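See structure below.
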Amino acid sequence: MKLLEHEAKKILKENGIPVPVGFFIRSADELLSHLDELGNSIVLKAQVDVGSRGKAGGIVMADKRNAIAKARELFGKKIKGLPVREILAEQRLEIQHEYYVSITVDRSSKQPLILFTDGGGVDIEITAKEHPDAIRKAGVIPLMRDIPPFMVRELIGTAPKEIGPVINKLYHIFCAKDAVLAEINPLATTPQGVFAADAKIIIDDNALNRQGIKVNRDLSEREREAEKNGFSYVELDGSIGVIGNGAGLTMATLDLIEFYGGKAANFLDVGGGAESGRVKDAVRLVASVPSVKVIVVNLLGGITRCDEVARGIIDAEIPQKVIVRLAGTNEVEGRRLLSDKGYEMLDTMDLVVKKAVEVAT
Amino acid sequence: MIYGDRNTKVLVTGATGKQGEFHIGLMNTYARNVGGKGVVAGVTPGKGGQQVHGVPVYNTIKDALDDHDATTSVLFVPAGAAGDSIMEAANAGLELVVAITEHIPVHDAMKAIAFAWMQGCSVIGPNCPGLLSPGEVKMGIMPAQLFSRGNVGIISRSGTLTYEVVDELTRAGIGQSTVVGIGGDPVIGQTFIDVLQRFEKDTQTKVVVLIGEVGGNLEEEGANYSDLPLVAYIAGKSAPPDKRMGHAGAIVEGGEGDARSKIARLKKIGVPVAERPSDIPDLVRGLFKGC
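As you go down the protein sequences, you meet chains R and V in turn. First residue of the first sequence: 71, per our numbering; consecutive thereafter. First residue of the second sequence: 553, per our numbering; consecutive thereafter.
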């Protein structure tokens, strides 16, 4: 789950990485009591989770005189469709130079990977494509408490030495907070020292519980409901609902829909060993999306029993047509239950998908 | 065979849970049918002295190894304790841990896999269905009735999609040597490269099918390494960016790891890529002709 800038900066500050003097506000009036501390040069940053927030008008420069008016204006705006409900008001830094530093999980080396580059505020993905040599990288063995000093020296090169401890502290945060990304961009040098001018932290979805995070904000309401039921659920923008067991099989079903010229409305993986009650919930959830015209159920029973799946489909009693492919454990019984009720069943995933695309178009 | 055969003795950690108990039964049914050793002991802290399907349960892996010379553990431990269980297995001297558990925090996985590597222990998974060498050994949760013995190796990041492909191959009269589910998480122990290295040394395996999906570039890395004839399938062509497609590792991030660029890179190094799972048997047959 992505943390907002003010949440990420709070963590940085608690762990000894300097951040600009700043206040988190929910209305323009709240700014009044902080104006003296903020000084004359102020930056107002909308706390919305969108990329390129600055370009989209989410970051506004102000001074002491006009800050409240500008904050009011920003609160009335939408940034890439998202209403501004919270603002981080910060003292503007006297930036001399900007750097980029991030820590991610590297799949190939199976360890944290630190990226550092001279020149901050950049889009690292673009830099990686256009100037790959400008990015210095270092992998840390995940059992180490600190980044070895030599590695820090190699990473920062001729950049100011005071950046070194910042990177090591960021690594501590990365580990302690179960982060899959911890990024400071830009990391700014100023006459007052080094500051994290912007920060981004993403917490591992599998560790939200032990990090004390109760609600995953990155999920839509339906996605959250699905998660509660132990389903994986993704919303897309077509007209065919897709239910499968196992992420790979369900994804392959989506791809097959595209192959036959259709478009999936959503993706629901019921997981292993689903019983009829869960299948019923799954079918109802997928059918609750207004754009769903037809539902494909593609199940390959191993620990999932086909008769349970069949009962779940029947109990769901949804208005849309359901086209079913069942194979594996208790297949015969499952098929008999469905054919008694007049459901359309086909033998392979190619056939069910082809049929669903015909119905949907 | 890679990773084990009918003589491999297996421990199950998390033996007394619902999943552990269920699959000890299935693994030992399989072992009986092929004349194999199967699961010889279970481990659950605090449950030592119990039995599961006639298999004795111990409090620790070390206790179990005092009575049984097992080399492999298949792990059904809940996510929060699974990293610890991998390290316990490695520390006790096991050669292989098959981690079935899903939703292990990625930091736990990184630490446990690094620790196991230092002890010379290989980890398959986490978040995987395990492996099956038809006629020899089943370590994990794959539905054995779909498999048939033959010369095709399979390496896959998925569970049920693997069964789909195995089913297609078996129906087409093409048997399998060993099928390995390496797991759907971003950080996994054995990757395509590691399993391919084992297949290279396995005289039974003539062709390998790689079943990949969006996220990362481990498929291409593996394919690039191997001299074996390969066929690939990549799931997730229709996956939108920044959406996790069921598996923790199935996500296109920062414009990287999307299916189309993976497929393009695989084709560039000469690997035929199946458009649909049902196209895989024909592509495999084509490579057999070339052998």
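We put the CB at the ideal spot given by N, CA and C, even for glycine. Please read these numbers as outputs of a predicted model, since none were measured by experiment.
Straight across, the Cα-Cα distance linking GLN756 (chain V) with LEU698 (chain V) is about 19 Å.
Taking a Cβ-Cβ threshold of 7 Å, the residues of chain R close to PRO792 (chain V) are LEU306, in chain order. Listed as beta-bridge partners of ASN368 (chain R) by DSSP are R:GLY314, R:ARG395.
Nearest to GLU720 (chain V) by C-alpha distance, out of V:HIS799, V:GLY822, V:GLY600, V:SER830, is V:SER830. For the pair ARG177 (chain R) and PRO792 (chain V), the Cα-to-Cα distance works out to about 20 Å. VAL171 (chain R) has a beta carbon lying at 9 Å or more from every beta carbon in chain V.
Counting other Cβ atoms within 10 Å of its Cβ, ARG135 (chain R) stays below 16 and is therefore classed as exposed.
By the rule that beta-carbons nearer than 9 Å mark a contact, ASP248 (chain R) touches chain V.
Taking the beta carbon of GLU328 (chain R) as reference, the chain V residues within 9 Å of it are LYS789, SER790, listed in sequence order.
Counting only Cβ-Cβ distances below 8 Å, ASN276 (chain R) has contacts in chain V at ALA631, HIS655, ILE656, PRO657, VAL658, ALA800, in chain order. Between ALA775 (chain V) and ILE821 (chain V), the alpha-carbon positions lie close to 8 Å from each other. If you ignore the 5 residues before and after GLY127 (chain R), its C-beta comes within less than 7 Å of the C-beta of LYS147, ILE149, all in its own chain and listed in chain order. Within the stretch 809 to 838 of chain V, contact with chain R at the beta-carbon level (separation under 9 Å) is assigned to GLY809, ALA811, GLU827, ARG828, PRO829, SER830. Inter-residue distance for TYR413 (chain R) and GLY314 (chain R) is about 17 Å (C-alpha atoms, whole angstroms). In the three-state DSSP reduction, THR624 (chain V) falls in the strand class (E or B).
Near chain R, meaning a CB-to-CB distance below 7 Å, the residues of the stretch 658 to 678 of chain V are VAL658, HIS659, MET662, LYS663, ILE665, ALA666, PHE667. Within the stretch 196 to 281 of chain R, the runs of alpha helix (DSSP H) that reach at least 4 residues and sit entirely inside it are, in chain order, 219 to 226, 233 to 246. Contact holds between the stretch 101 to 119 of chain R and the stretch 157 to 172 of chain R, because three or more Cβ pairs, one in each stretch, are under 8 Å apart. Here DSSP, grouped into helix, strand and coil, assigns GLN749 (chain V) to helix. Here the alpha carbons of GLY372 (chain R) and ALA277 (chain R) stand approximately 29 Å from one another.
In chain order, VAL366, GLU414, VAL422, LYS425, ALA426 place their CB closer than 6 Å to the CB of ILE393 (chain R), counting only its own chain and leaving out the 5 sequence neighbours on each side. Bridge pairing for HIS167 (chain R): R:THR259 [DSSP]. When Cβ-Cβ separations below 9 Å define contact, ILE763 (chain V) makes contact with chain R. DSSP, reduced to helix, strand and coil, places SER346 (chain R) within a helical segment of the structure shown. According to DSSP, residue pairing for GLN742 (chain V) in a beta bridge does not occur. By the Cβ rule, the stretch 671 to 678 of chain V counts as touching the stretch 729 to 738 of chain V, because three or more pairs are nearer than 8 Å. In the DSSP assignment, TYR582 (chain V) falls within the alpha helix (DSSP H) that extends over 570 to 586.
Under the Cβ distance rule, ASP377 (chain R) does not count among the residues neighbouring chain V, no pair being separated by less than 9 Å. Neighbours of ILE211 (chain R) across chain V, judged by C-beta separation under 7 Å: ALA666.
The Cβ neighbour count for PHE265 (chain R), taken over all protein chains shown within 10 Å, is at least 16; the residue is labelled buried. Judged by DSSP secondary structure, ILE676 (chain V) falls within the beta strand (DSSP E) whose first and last residues are 674 to 676.
Take LEU82 (chain R), set aside five residues on each side of it, and the residues of its chain with a beta-carbon closer than 6 Å to its own are VAL89, ALA266, ALA269, in chain order. Between the alpha carbons of VAL171 (chain R) and ALA668 (chain V) lies a distance of about 30 Å. Assignment of MET691 (chain V) by DSSP, reduced to helix, strand and coil, places it in the strand class.
With a minimum length of 3 residues, the unbroken runs of beta strand (DSSP E) contained wholly in the stretch 95 to 131 of chain R fall at 111 to 116. The shortest CA-to-CA distance from THR743 (chain V) to any of V:ARG723, V:VAL718, V:ALA633, V:ILE706 is the one to V:ILE706.
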